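>
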Amino acid sequence: MNPVNYLYLSALLFTIGASGVLIRRNAIVLFMCVELMLNASNLALVTFSRMHGNLDGQIIAFFTMVVAAAEVVVGLAIIVSIFRTRHSASVDDSNLMKL
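Each number in the working numbering corresponds to the 1-based position in the sequence shown with 515 added.
#1: Measure the Cβ-Cβ separation of V581 and Q573 and say whether it is below 8 Å.
#2: For a quick check, are the C-beta atoms of N541 and S596 less than 8 Å apart?
#3: Under three-state DSSP, which class holds N517?
#4: So, helix, strand or coil for S534, using DSSP?
#5: Does S605 come out as helix, strand or coil in the three-state DSSP assignment?
#6: Between G468 and V549, is the Cβ-Cβ spacing less than 8 Å?
#7: Alpha carbons only, please: which of S556, T530, M566 is nearest the one belonging to N517?
#8: For the alpha helix (DSSP H) containing R565, name the first residue and the last one.
#9: Got a sec? Which residues, its chain only, sit under 7 Å from A559 by beta carbon, not counting five neighbours each side?
#10: Is the CB-CB distance between L551 and L528 below 8 Å?
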């Protein structure tokens, strides 16, 4: 398969994730869209790494996955905490952190 196809797929996934972040207002959906954007960037990094024949992009993609996993753990803990107190996961409420 041509590496350009992977780059097209990466651009498509990133566009879907960015539109989801801009359009949706649910915090869990926002996290999923951010993860989709991170995975799209990882796909592009791995594709460029394979095209150039080095491992730099794959190493950066690995560290990006580790940071994304930590971000999901902390983010979901915050969302669950907010949901327990407010019974809503909407990000339209700008004063969620004020108690």
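Backbone N, C-alpha and C define an ideal beta-carbon position, used for all residues, glycine too. In this text the structure is predicted, and so the values were computed from the model without any measurement.
Inspection of the coordinates gives the following:
#1: no
#2: no
#3: coil
#4: The answer is helix: DSSP assigns S534 an H, G or I state.
#5: Three-state DSSP puts S605 in a strand.
#6: Only positions 516 to 614 of the chain appear in the structure, and residue 468 is not among them; the question remains open.
#7: Among S556, T530, M566, the Cα nearest to that of N517 belongs to M566.
#8: 542–567
#9: Excluding residues within five positions, the ones whose Cβ falls inside 7 Å are L522, S525.
#10: The Cβ-Cβ distance between L551 and L528 falls below 8 Å.
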